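Undergrad: Going down the list, the sequences are from chains A, B, C, D, E and F.
For the first sequence, my numbering gives the first residue as 22, with consecutive numbering after it.
For the second sequence, my numbering gives the first residue as 98, with consecutive numbering after it.
For the third sequence, my numbering gives the first residue as 54, with consecutive numbering after it.
For the fourth sequence, my numbering gives the first residue as 42, with consecutive numbering after it.
For the fifth sequence, my numbering gives the first residue as 33, with consecutive numbering after it.
For the sixth sequence, my numbering gives the first residue as 83, with consecutive numbering after it.
Just so it is clear, CB atoms sit at the ideal spot from N, CA and C, and this is done for glycine as well.
Bear in mind that the values here come from a model prediction, so they are computed numbers and not experimental data.
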Amino acid sequence: MPVVQDLAFWVLSVVAIAAALGVVLVKDLFRSALLLAVVFISVAGFFVLLSAEFLAVVQVLIYVGAISVLFIFGIMLTRNVREGNVPNRLQIPAVMCASLLLVGMIAAAINTDWRPIPEAAAQMVDAAQTQSVAGPPAGASSSGYAEQDTGLAELLIADFVLPFEAVSLLLLAALIGGLALARSRGS
Amino acid sequence: MSCQLASDSILYANGIYRLVYEIVGVVLPCWVAYAIAGLVFAFILVNAVLLGAAVITWGERRVLGRFQNRVGPNRWGPFGLFQPVADLVKLLTKEDLRPEGSDRVVFSLVPVLMVAPLILMTAVVPFAKNTALASLNVGVLFILAVSSITSVAIFMAGWSSNNRYAMFGAARAVAVLISYEIPVVLSLLGVVMVAASMSLGTIVAAQALPFFLVQPLAFFVFMAGMSAELNRSPFDVAEAESEIIAGYHTEYSGVRFALIQAAEFGGVGVVAAIAATLFLGGWSGPWSEYLGWLWFLIKTGIIVFLFIWFRATYPRLRIDQIMAFSWKFLLPLAMVNLVVVTLEVFLLRGDEGVLTHTDLAIMAAINLAVTAISIAVFGNLIKDRVTFRTRQPQQVVVPGVSTIEVS
Amino acid sequence: MYGLAMVKGLMVTLKNLTRKPFTIQYPEERAKQHPRFRGEEFVWYEERCTGCASCAKYCPLGIIKIETSPSGSMIPQGEKYRLEVFDIELQRCMFCGLCVEACPYDALFMGSGFEQGQYSRKNMVITIDQLRNAEKHPSTWFRPQLEGYEGGTDSFRRTPTIAQGESRFSYDPRGGPPLGWREVGRESWRWHQREKAGMRLEQGEAVPDTGRDELPQSARDSDAAAD
Amino acid sequence: MPMRPLSGEELAKAVNQEYPGVAVDYDEVSAWIRPNRIHAVAAFLKDSPAHDFQFLNSVSAVDYVEYFDLVYHLTSLRQQSSAVFKARIYGREDLRAPSVYSVWRGADFQEREIWDLMGIHFEGHPNMKRIMLWEGFEGHPLRKDFL
Amino acid sequence: MTIRTEPMTVNVGPQHPSTHGVFRVRITFDGEDIVEVEPVFGYLHRGTEKLAEERNYVQVVTLTDRLDYTSSMINNQAYCLAVEKLLGVEPPPRARYLRTLTAELQRIASHLIAVGFFVQELGAFGTPLMYGFRSRERILELFEMLCGARITVSYMRPGGVFADAPRDFWPALNRFLEDFEDEFAEMEQLLLENEILMIRTRGVSPIPPEVAINNSVSGPVLRASGVNWDWRKQEPYDAYDQVEFDVPIGSNWDNYDRFWVRIQEVRQSIRIIKQCIAQIEPGPVRLDLPLVLRPEAGREAYGRVEASKGELGFYLVSDGGISPYRCKIRSPSLINLTVIERLLVGWKLADMIVSLGSIDINMGEVDR
Amino acid sequence: MSLESMLVVAAVLFAIGLYGALARSNVIAVLMSIEIMFNAVNLTVVAFSRYVAPLALRQEIGSVLTGQVFAIFIITVAAAEIALGLGIVFAMYRHTESVSLTEANQLRH
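1) Any Cβ of chain I within less than 8 Å of the Cβ of E/PHE216?
2) Anyone know if the C-beta pair for A/ARG136 and F/VAL112 falls short of 8 Å?
3) Using CA atoms only, rank isn't needed, just tell me which of F/THR148, F/LEU89, F/ARG132 and F/ASN108 is closest to F/ASN121.
4) In this structure, does DSSP put A/GLY86 in helix, strand or coil?
5) What in chain A is Cβ-close to F/VAL123, meaning under 9 Å?
6) So what does DSSP say about D/ASP68, is it helix, strand or coil?
7) Give the DSSP-derived three-state secondary structure of E/ARG207 in the structure shown.
8) For the beta strand (DSSP E) containing C/MET163, list its first residue and its last residue.
9) To which residues does DSSP link E/ASN43 through a beta bridge?
10) Tell me, to the nearest whole angstrom, how far the beta carbon of B/PRO170 is from that of B/TRP155; I am working on the premise that it is less than 8 Å.
11) So the beta strand (DSSP E) E/PRO71 belongs to, where does it begin and stop?
12) To the nearest angstrom, how far is the alpha carbon of C/ASP280 from that of C/GLY233?
13) Could you check if C/ILE77 is buried or exposed, using at least 16 other CB atoms within 10 Å of its CB as the buried criterion?
14) Tell me, which residues are paired with C/GLU81 by DSSP?
15) Report the option in F/ALA162, F/VAL151, F/LEU104 and F/MET114 whose CA atom is closest to the CA atom of A/LEU193.
16) At a Cβ threshold of 8 Å, is B/THR468 touching chain C?
17) Quick check: is the beta carbon of B/ALA409 nearer than 8 Å to any beta carbon in chain C?
18) Which residues in chain E sit within 9 Å of B/LEU161, going by Cβ to Cβ distance?
19) To the nearest whole angstrom, what separates the beta carbons of E/VAL93 and E/TYR111, a pair I think is in contact under 8 Å?
20) Ordered along the chain, which non-local residues of its own chain (more than five positions away) have a Cβ less than 8 Å from that of E/LEU224?
21) Using C-beta distances below 8 Å, list every residue in its chain close to B/ALA303, excluding the 5 sequence neighbours before and after it, in chain order.
22) For A/LEU56, which residues in the same chain have their Cβ closer than 6 Å to its Cβ, ignoring the five residues on either side in sequence?
23) Any C-beta of chain B sitting closer than 8 Å to the C-beta of C/PRO80?
24) Give the straight-line distance between the Cα atoms of F/GLU86 and E/ILE228, rounded to the nearest whole angstrom.
25) Cutting at 6 Å between CB atoms, please list the residues of its own chain near D/GLN120, excluding the five before and the five after it.
26) Can you tell me which of E/GLY53, E/ALA197, E/ARG199 and E/ASN108 puts its alpha carbon nearest to the alpha carbon of E/GLY191?
27) So the candidates are E/THR102, E/VAL371, E/LEU118 and E/GLY155; which of them puts its Cα closest to the Cα of B/ILE341?
28) Should B/PHE164 be flagged as near chain E, meaning a C-beta pair shorter than 8 Å?
29) Could you tell me the distance, in whole angstroms, from the CA atom of B/MET320 to the CA atom of E/PRO160?
30) How about C/LEU70 and B/THR410: are their beta carbons less than 8 Å apart?
31) Could you check the C-alpha separation between E/ILE66 and B/ARG415 for me, to the nearest Å?
32) To the nearest angstrom, report how far apart B/ASP184 and B/SER244 are at their CA atoms.
33) With a threshold of 7 Å on Cβ separation, who are the neighbours of E/ALA84 within its own chain once the five nearest residues in sequence on each side are excluded?
34) Are E/MET162 and B/GLN165 closer than 8 Å when you measure CB to CB?
35) Among E/LEU254, E/GLU173, E/GLU343 and E/GLN300, which one has its Cα closest to the Cα of E/PHE201?
36) Could you check how far apart the C-beta atoms of C/ASP159 and C/ARG101 are, in whole angstroms? I think they sit under 8 Å.
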């Protein structure tokens, strides 16, 4: 249903951009962390629109469930919320830098000929993306398209096994590093 | 003009939804029918959660009363069944208080944010054959993701209340939520692995033998983790009323309190429903075509009763002990379960990739032994950590008095 | 094994789940009330009262207000006084029963009720008229003559109810018709003998029992013997 | 084994042996000591092995209008004996006595209570504030001339 | 993660679910660790000592009921012993047995509440408390049978008790004892070895004996600190020299020991009650004293008992009038609180509540 | 809804994040802005994966999900980065009692 999807897209865009602006502009750091969670949720909505449901769920699980909470924890423990979100002296260069980049990116996005795949193929991609994540939904017969496809899990541990292991190593390093940092010097 | 749902839609499998959609679709345009059918189902879900919460408040108070040799609420209606109504009326007529210095917007948002994830979680639970709103193929993951929103809501409650007890409660609740997420996810991985699907409908169908027999360890970890996430005894530090009044919702009153309370008890119901689906076989049972909802309700009731029973019996752990329990006991158990189940699935699965009934029975036998052994082993491991080294008795001895001492 | 005691605990609570509740539902059911219960409505027998105001003096809170005037009657016995005011300010009463203990003529008794909540403080004063007109169900508190009553008139019901069927002879203040002033008091010749409950002047006059022996003579019987 | 109460005479003798002239009077159960030596006597009674009064039962003050009596009830757990010593403080205003807080911590709240209700200020007590009544309450209610 | 946070001060109480009445502690936390404690009393101060100076000796008995309302029998007993010392009289033997018996019943009731609330504060949702209340209810019923009131008993009088027990009392008491042993065994089974209770209380807030003695701590708290000191043994009053019982003492001095000592004392109380029932003889129960007592002028007496919370002493001074010239109440709850700083500082918020519960204060007695 | 519109939204989010990262002085605010930028990048990757790349990639490695794999890697890295970043913030706060970037001018304390 393209109408519904378009509507959803516009709503999500407005919410995401407004919330993102809120994150960087609101003075109360706690509120800006909450707005950050809103940004995350709307990005998850975008993922659903792009029929990447698995990614959407992961986005909510990790960003909203863990990262936002970590941020809020950090804000709470460092306790300088009300005065917290003050801008520094680089205000004008930052605005200029960001807007220049924005103009450039939008120009590139619009002027480039992306050669998107045809609409019929796009719908098949939708179905394939949906189904190759976790098998076909119960009760529905799987379309022939998805069966030839490699699922996300297989992709991760077959083709992308090296980056996968690298990321695991990174996580481990981060875990140890976090522990080392958070451990107080005395104990 | 009539509308047909595409057969690969996630809503297709839902019988009720399809029925409403097709009937409304006869007279109205398809997108209106789409919305109306959705609203009908949302109405059912919201009512299921809130009514379930009401029934559980009543049931908990009655059963807890009987555990304590009391009667429990029995004035309103037969067996006090209308007690939740009376409570609600009372709470609705209360003055709406907001503490001074609180963050107005955030404070008001919290009750909604507490209830919403529950209703979302219910959306993927099959009450009977083909009745889940959306048989999402990432159902289990969806439940975990949505339930994690609660931690943000709790933080918002604690922060915006401008009360130190609320802050304590929020910090504790979030710490518990984060630590118990991991063992719960790991225990669910085993389930997903055996069922070979993350969709709850498929998991129910895969339970030729209920999974609490196949993976008792996962069931144990899940129940323990979930009672921690729900702030149920013995892990109810977040709203330990003897320590921090009511934790993060200390400052809430009136209808906001009612909503938070509904979220708490509704949470018990929803988690019980999920546990019944994942581990007790959901709606499956004799004549499940027609009586599926009954089996489902009975199994949910059993889990709720278990929660109440634990609450009636156990004192509360301290926050650091709860963390230790999660990281040092539940996490290793969940990992043991994961490794064992992986090996079993790898070895027992036939060529067509399906586990037969016999396979499940073999797994059940092995896993029961593994459960007993690993609980004993890890229990003894943490026992040394948690029990206190007995000091040498050193007392002022007064002669001529017969005494008895702590063993 | 570690965790065994927790399972044991679960079993204990489960066992209790199957038991009958030990609480009772108050307005419909009532707890057993014992004859000595110090209830809130005082029972006063004007015929026995001399207006000496011992009760008022002995009240730790001073909530009893008594006004008397000479009545001109019973001059030979030393003029009986007429009671004009006998107010008991119930809102401050703590039901210690010391007024009853102080009364030398068995005229004042504790009552047996406990349900006299009022909406205004004014109503919390028991006036002399209320005392006169009230149904008289005196408590046996500090009135041993009411306790061991055996046989006698119908107003002394034999109640097998108290303490789950143990009491065979006690008078039940909550039941039966109200008691008249002749039924409740000791004989007038003993009034000044300062024999109070439990304060036997001579050993062996009555044998307090321990529950092991045969029931002793009742106070009533010993009174009769003394006559 | 029953308790052996120390008679006033014994106590007075013992105190006078250590600090001559400090015990000024005695009766059957108690001995009076000079109020300015309370702390020293308390420390002596607690620490000397012959007496060993480790346990302070209670500290009381009695208002006799012309003077106040401070009464200390002591118990020795090892010796199984008890003793009472008193100190007499004359006057009504600005009364002071040395605190035994540093000898027996158990005197903490009791001394504060005496200050609160009787108006005897204990010197050497680290937290000499009112305990039952609020700061700024007029007078000391347990005195005989209060109301 | 140990992250230093700013200390924050929290008023725990006077309206808090578990401060045992209107007790307020101003606590400074660092995270959840307690760094500073300041108890604040007086919310229930009724001036009992002053009131006692304006009542005659018998009327004061009613005041003592209201000190520690969970053990009013024992308060009665302490006061009556003090008055008897003042008068130099001895109650008749039957009265002494009745006093001992009722005091032990009251001790059971009080300890049941103490244990129940202690576990309640550990977070058990009311179940042990309710089991305690179930048995306590029976005891209160016995008291009602005995003296017409359940809490504010005013049963004892200087020179004895006000009246002998009614006939129904003895069989009812026997039945209670039979049932109670089972009920109490159930409670022990539920609590005594419970692992959660163990890890919550073992090793938490220990008070070494020398600290306990120096702080004048008494009662179960002192015994849990390893000092076998019980006034019932050391200075037997009433019928305690006639009965045999053991004194439970702790060896780890911690919260668990305080809880354990109470449980064991209930067992010993049952023993004492049984011996009392076996030994009690018929006889008078009250001395022939006038209603208004006038002790000699200038006499003083310090009467003490081992109350359920600790040493309860009444220091009475007479000026020859009808009311005590001075009535000082040495209340165990207040003085046991002296160790509060030692008990709480360095422990966590959750332990604080439990430790407060383990010393079992009663605000009626702390503030008087 | 098209690829371009999705890219524009992502670009706007990225620019906002960049502004935040440059203009804030509070470390936590900076980290939050960086998260917004990560999310914008994720959005772009998934959008390309949905609209442009799949057919070609499918011929090469047999799946249409490559873009999502990249997104997953980005999420993982972001999680690790936040854990470490906040660890550093706490360490810094512990030593200097401040979370202001302008005051964090020393590598060691």
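TA: Reading from the atomic positions:
1) Protein chains A, B, C, D, E and F are contained in the structure displayed, whereas chain I is not.
2) Stepping through the first sequence from its first residue, residue 136 of chain A is reached at position 115. Stepping through the sixth sequence from its first residue, residue 112 of chain F is reached at position 30. No, these two residues do not count as a Cβ contact at 8 Å.
3) For the purposes of this step, residue 121 of chain F is identified with residue 39 of the sixth sequence, where counting begins at 1. Among F/THR148, F/LEU89, F/ARG132 and F/ASN108, the Cα nearest to that of F/ASN121 is on F/LEU89.
4) Here the question's residue 86 of chain A lines up with position 65 in the first sequence. The answer is helix: DSSP assigns A/GLY86 an H, G or I state.
5) Along the sixth sequence, read from residue 1 onward, the residue named residue 123 of chain F stands at position 41. In chain order: nothing, as chain A lies at least about 11 Å away.
6) Sequence index remark: in the fourth sequence, residue 68 of chain D carries index 27 (1-based). Correct three-state label for D/ASP68: coil.
7) As a first step, residue 207 of chain E is located in the fifth sequence; it is residue number 175 there, counting from the start. Of the three classes helix, strand and coil, the one that applies to E/ARG207 here is helix, per DSSP.
8) Along the third sequence, one-based indexing puts residue 163 of chain C at 110. From DSSP, the beta strand (DSSP E) with C/MET163 extends over 161-164.
9) Stepping through the fifth sequence from its first residue, residue 43 of chain E is reached at position 11. In DSSP, E/ASN43 forms a bridge with E/ARG58.
10) For the purposes of this step, residue 170 of chain B is taken as the residue at position 73 of the second sequence. For the purposes of this step, residue 155 of chain B is taken as the residue at position 58 of the second sequence. With 8 Å as the limit, B/PRO170 and B/TRP155 qualify as a contact, their Cβ atoms being about 7 Å apart.
11) Here residue 71 of chain E is taken as the residue at index 39 of the fifth sequence, counted from 1. Looking at the DSSP string, the run of the beta strand (DSSP E) that includes E/PRO71 is 65-72.
12) Counting from 1 along the third sequence, the entry for residue 280 of chain C is found at position 227. Counting from 1 along the third sequence, the entry for residue 233 of chain C is found at position 180. Residue placement at C/ASP280 is flagged as unreliable, the pLDDT there being 38, under the threshold of 50; the coordinate-derived value follows with that caveat. Approximately 21 Å between the Cα atoms of the pair.
13) Counting from one through the third sequence, the residue named residue 77 of chain C turns up at place 24. With fewer than 16 other Cβ atoms within 10 Å, it is exposed.
14) Along the third sequence, one-based indexing puts residue 81 of chain C at 28. DSSP output for C/GLU81 lists no bridge partner at all.
15) Translated into positions along the first sequence, residue 193 of chain A becomes position 172. Nearest C-alpha to A/LEU193: F/ALA162.
16) What you label residue 468 of chain B is simply residue 371 of the second sequence in a count that begins at 1. False, the Cβ-Cβ gap to chain C never drops below 8 Å.
17) In the second sequence, counting from the first residue as 1, residue 409 of chain B sits at position 312. With 8 Å as the cut-off, B/ALA409 counts as an interface residue toward chain C.
18) In the second sequence, counting from the first residue as 1, residue 161 of chain B sits at position 64. Ordered by position in chain E, the residues that pass the 9 Å Cβ test against B/LEU161 are PHE157, GLY158 and THR159.
19) The residue labelled residue 93 of chain E in the question sits at position 61 within the fifth sequence. The residue labelled residue 111 of chain E in the question sits at position 79 within the fifth sequence. E/VAL93 to E/TYR111, Cβ: 6 Å. Contact.
20) As a first step, residue 224 of chain E must be located in the fifth sequence, where it is residue number 192. Within the same chain, E/LEU224 has close Cβ partners TRP292 and ILE295.
21) For the purposes of this step, residue 303 of chain B is taken as residue 206 along the second sequence, with counting starting at 1. Cβ within range, chain order: VAL291, ALA292, ALA293, SER294 and LEU452.
22) Position 35 of the first sequence, counted from the first residue, corresponds to residue 56 of chain A. Around A/LEU56: ALA40, GLY43 and VAL44.
23) Residue numbering aside, residue 80 of chain C sits at position 27 when the third sequence is read from its first letter. Chain B contact via Cβ: absent.
24) Taking the first residue of the sixth sequence as position 1, residue 86 of chain F is located at position 4. Taking the first residue of the fifth sequence as position 1, residue 228 of chain E is located at position 196. Taking the straight line joining both Cα atoms gives about 60 Å.
25) Taking the first residue of the fourth sequence as position 1, residue 120 of chain D is located at position 79. So the list reads ASP93, once near-sequence residues are dropped.
26) One-based indexing of the fifth sequence puts residue 191 of chain E at position 159. Taking only the C-alpha atoms, the option nearest E/GLY191 is E/ASN108.
27) Taking the first residue of the second sequence as 1, we reach residue 341 of chain B at position 244. That would be E/GLY155, whose Cα lies nearest to the Cα of B/ILE341.
28) Counted from its first residue, the second sequence places residue 164 of chain B at position 67. Closer than 8 Å: yes.
29) Residue mapping note: residue 320 of chain B aligns to position 223 of the second sequence, counting from 1. Residue mapping note: residue 160 of chain E aligns to position 128 of the fifth sequence, counting from 1. The straight-line gap from Cα to Cα measures roughly 24 Å.
30) By 1-based counting over the third sequence, the position of residue 70 of chain C is 17. By 1-based counting over the second sequence, the position of residue 410 of chain B is 313. Not closer than 8 Å, so no.
31) Locating residue 66 of chain E in the fifth sequence gives position 34, where the first residue counts as 1. Locating residue 415 of chain B in the second sequence gives position 318, where the first residue counts as 1. Between E/ILE66 and B/ARG415, the C-alpha separation is close to 15 Å.
32) As a working mapping, residue 184 of chain B is identified with position 87 in the second sequence. As a working mapping, residue 244 of chain B is identified with position 147 in the second sequence. Taking the straight line from one Cα to the other gives about 27 Å.
33) The residue you call residue 84 of chain E lines up with position 52 of the fifth sequence. Taken in chain order, the residues that qualify are VAL92, LEU95, PRO356 and CYS359.
34) Along the fifth sequence, read from residue 1 onward, the residue named residue 162 of chain E stands at position 130. Along the second sequence, read from residue 1 onward, the residue named residue 165 of chain B stands at position 68. Closer than 8 Å, so yes.
35) The residue given as residue 201 of chain E occupies position 169 in the fifth sequence. Here the closest residue by C-alpha is E/GLU173.
36) In the third sequence, the residue the question calls residue 159 of chain C occupies position 106. In the third sequence, the residue the question calls residue 101 of chain C occupies position 48. Right, their Cβ atoms sit about 6 Å apart.
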